[in-house]
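Residue numbers (the numbering used here): 263 to 337.
C-beta atoms are modelled at their ideal positions from N, C-alpha and C, and glycine is treated no differently.
Treat the numbers as computed from the prediction; the structure is a model and nothing was measured.
These notes concern the structure reproduced below.
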């Protein structure tokens, strides 16, 4: 019985670790990208419009993120 409890706890720890690592791997580049866009907007003024559109219309931001994830860096 104690062995089953330890097994269940181990599975919970494993799943938590996987979710945490996935979230960190996803959120880190996202934050970097947003900060880069804000810095670029300070210089050019064009990136701020894209940032506002991405924040006002989240599906556009999601599509942009998926495109970046798939390697379409020109979008």
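- Excluding five sequence positions before and after residue 313, the CB atoms of its chain that fall closer than 6 angstroms to its own CB belong to 299, given in chain order.
- Judged by their CB atoms, residue 323 and residue 331 are not nearer to each other than the 8 angstroms cut-off.
- Counting along the chain, residue 276 sits inside the alpha helix (DSSP H) bounded by residues 264-306.
- Shown here for residue 283: not one same chain residue has a beta carbon closer than 7 angstroms to its own, the five before and five after excluded.
- Taking the C-beta atoms as reference points, residue 310 is found nearer than 8 angstroms to residue 303.
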